[in-house]
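Colleague: Sharing a structure below in structure tokens format, with a few things to ask.
2 protein chains.
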Amino acid sequence: MHDAAKVAAAMTKRARSDQEDDGEVPEGYDVSRFERPSVAVDVALLTVDEGALRTLLLRRDAAPYRGRWALPGGFVGMDEALDDAAARVIEQKTGIRRVFLEQLYTFGAPKRDPRTRVITVAHYALVDPARLAEAREETRVATLEVPWEGETGGPVDAIGADGRALPLAFDHADILGMAVKRVRGKLDYTPIGFQLLPERFTLAGLQRVHETVLGRPLNKDSFRRRMLASGQLEATGDLQTGVDHRPAELYRFARRSAV
Amino acid sequence: MHDAAKVAAAMTKRARSDQEDDGEVPEGYDVSRFERPSVAVDVALLTVDEGALRTLLLRRDAAPYRGRWALPGGFVGMDEALDDAAARVIEQKTGIRRVFLEQLYTFGAPKRDPRTRVITVAHYALVDPARLAEAREETRVATLEVPWEGETGGPVDAIGADGRALPLAFDHADILGMAVKRVRGKLDYTPIGFQLLPERFTLAGLQRVHETVLGRPLNKDSFRRRMLASGQLEATGDLQTGVDHRPAELYRFARRSAV
DNA sequence: AAAATAGTGTCTGTAAGACAATATAAC
DNA sequence: GTTATATTGTCTTACAGACACTATTTT
């Protein structure tokens, strides 16, 4: 018997003690006694393109930090789950649906927004660069420059197409830094890399993605062995085309099969 | 030159473009147009005692979930950082200060609190069991029963001193489950175990803590080698006392030295 | 054939697990 | 001395990194 079920059974057996209720809403209860902060979500939408880690930024056209660059974000609806808010924000700003999306960390320093208290539940998302088209004038895909190694952590810089750093709004350099740190950590033990690739890809392509995210070269032989041994790759039998050398086999990630 | 410094330098060089500001508060700006959720913190205060993973729970004496058991928690002050709120909650409920404390995950399902929208930034903390005395009648240290292996994740059960499951309020079984999952993950590559031990401890004691948290036995020889090779342990030269067999050497964790 | 990368086989070093032998305190 | 655990040493195995070699495509 599952333990959660055990708990439920135990409770029923006790014939619903009078000192306990099941969470019904008491009539007329008032919880609005406290002043409340605003709650937002921000999304670090990461991609790997041309050997660089990239992210989508929007130019702010209102105060505060007007003219600076910010992650797509927005306030959480009163009846909206946090993940749903993040997915909505992505779709509104880019039109992209169905991305890999995960909660990252909640940033709540009292003065992180100079206007008022805004607590933001930061998320990160991973997308195949082919899906990430620059939608609007005020949208830009910037290259991330990570000034630390491994999973040290810390803020990162966003570099525009002209090679100059884009000044970031709020604590978004920290959010991006934490997103990079998290993805690096996950890459070691999770099939997360394929979110950044088209459905079919070569082992060398997968290795390049890993190397770009991790910011360091990987051993080819070992990478190959590890990936094939993981059981998460499925050979398609087809070969790469359009390359001027021996074509590599195309793989796809195995669906999380019903084990 | 550090990259953050580079950014700053680049900005200065551009002589502060007119399309940009530095985040000053515009006069009379109104951000209170939206309805706002309440924001709380909850703390999973974990300890290891007598070979079991334990946590501190409080009996709710008000609706909702009156009579059920809940993590210590409270609303975040309008000018209070999230970590500070969590530390305050711990001190208010237990008197304990200066614990290892880290943000865990933010739970924000719209109906997780039946009264109104409450988003909670869950934290976890690790304490030496000697410091965790049961302070009040309505406070209890419960044993955690983890119905999954490794870092699978999922809710856990809290067992009272009488061996019966304590019914938990809200989504606190999920919060506790995520705390266990996180600590298990961290234990592999972070000096987190010593937070659960007195200052001086034996290698065998440390291994027991690791085994309790991980929920599986560890190889003694390998554990010993790994710990000593990590450079994080410092031999005190003193021996254990009061045992009826050969006493083991006492170690302490090396201060995070100024490398 | 030359160029370029894909893919295979083998060796070596490191670290974990297993097992055995020795050490030392309490009784 | 006996008991119980600490501590050290050695062997085996698994795997990552390194290197050399073969394969296959385009030009």
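From first to last, the protein sequence lines are chains A and B. My numbering applies: residue 107 is where the first sequence begins, and numbers increase by one. My numbering applies: residue 107 is where the second sequence begins, and numbers increase by one. For each residue, glycine too, the CB sits at the ideal point set by N, CA and C.
State yes or no: is the beta carbon of A:Gln-346 nearer than 8 Å to at least one beta carbon in chain B?
Modeller: So, not an interface residue.
Colleague: With distance defined between alpha-carbon atoms, name the residue in A:Val-205, A:Leu-207 and A:His-316 nearest to A:Gly-256.
Modeller: When each option's Cα is compared against that of A:Gly-256, the closest is A:His-316.
Colleague: In three-state DSSP terms, what is B:Leu-303?
Modeller: In the structure shown, B:Leu-303 sits in coil (DSSP, three-state: anything other than H, G, I, E or B).
Colleague: Give me the Cα-Cα distance between A:Asp-167 and A:Pro-178, rounded to the nearest whole angstrom.
Modeller: Looking at the two C-alpha atoms, the distance is approximately 13 Å.
Colleague: At a CB-CB cut-off below 7 Å, which residues of chain B make contact with A:Ile-225?
Modeller: Within 7 Å Cβ-Cβ: Val-145.
Colleague: Measuring CA to CA, which of A:Gly-337, A:Phe-359 and A:Tyr-211 is closest to A:Arg-366?
Modeller: Residue coverage of chain A in this structure runs from 107 to 365, which leaves residue 366 of chain A outside it and unanswerable.
Colleague: For the region 223-301 of chain A, which segments carrying the alpha helix (DSSP H) assignment without a break, of at least 4 residues, lie completely within its bounds, in sequence order?
Modeller: For the region 223-301 of chain A, whole alpha helix (DSSP H) runs of length 4 or above, ordered along the chain, are 278-293.
Colleague: Considering only their Cβ atoms, is the gap separating B:Val-227 from B:Val-147 smaller than 8 Å?
Modeller: Result yes, Cβ atoms of B:Val-147 and B:Val-227 sit closer than 8 Å.
Colleague: Using the beta-carbon of each residue, which ones in chain B are nearer than 8 Å to A:Gln-209?
Modeller: Neighbours of A:Gln-209 on chain B, chain order: Tyr-211 and Thr-212.
Colleague: Helix, strand or coil: how does DSSP classify B:Leu-324 here?
Modeller: Coil.
Colleague: So with Cβ pairs under 8 Å, would you call B:Glu-255 a contact of chain A?
Modeller: B:Glu-255 does not count as touching chain A.
Colleague: Thinking C-alpha only, which one of B:Arg-332, B:Val-145 and B:Gly-157 is nearest B:Gly-321?
Modeller: Checked all of B:Arg-332, B:Val-145 and B:Gly-157; the closest Cα to B:Gly-321 is B:Gly-157.
Colleague: Three-state secondary structure (DSSP) at B:Leu-309?
Modeller: If DSSP states are grouped into helix, strand and coil, B:Leu-309 belongs with the helices.
Colleague: Using a beta-carbon distance below 8 Å, is B:Pro-235 in contact with chain A?
Modeller: Closer than 8 Å: no.
Colleague: In this structure, how does DSSP classify B:Asp-350 when only helix, strand and coil are distinguished?
Modeller: Three-state result, B:Asp-350: coil.
Colleague: Taking only beta-carbon positions, decide if B:Pro-353 is within less than 8 Å of chain A.
Modeller: Chain A, which has no Cβ nearer than 8 Å to the Cβ of B:Pro-353, makes this no.
Colleague: So what does B:Gly-180 bridge to, in DSSP terms?
Modeller: For B:Gly-180, which the question treats as bridged, DSSP gives the partners B:Val-147.
Colleague: If you check the beta carbons only, do B:Val-252 and B:Leu-152 fall under 8 Å apart?
Modeller: No; because the gap between Cβ atoms is not below 8 Å, this pair is not in contact.
Colleague: Tell me, which residues are paired with A:Gln-209 by DSSP?
Modeller: Per DSSP, A:His-229.
Colleague: State yes or no: is the beta carbon of A:Val-195 nearer than 8 Å to at least one beta carbon in chain B?
Modeller: Chain B contact via Cβ: absent.
Colleague: So A:Pro-323 contacts chain B; which residues on that side make the cut at Cβ distance below 7 Å?
Modeller: In chain order: nothing, as chain B lies at least about 21 Å away.
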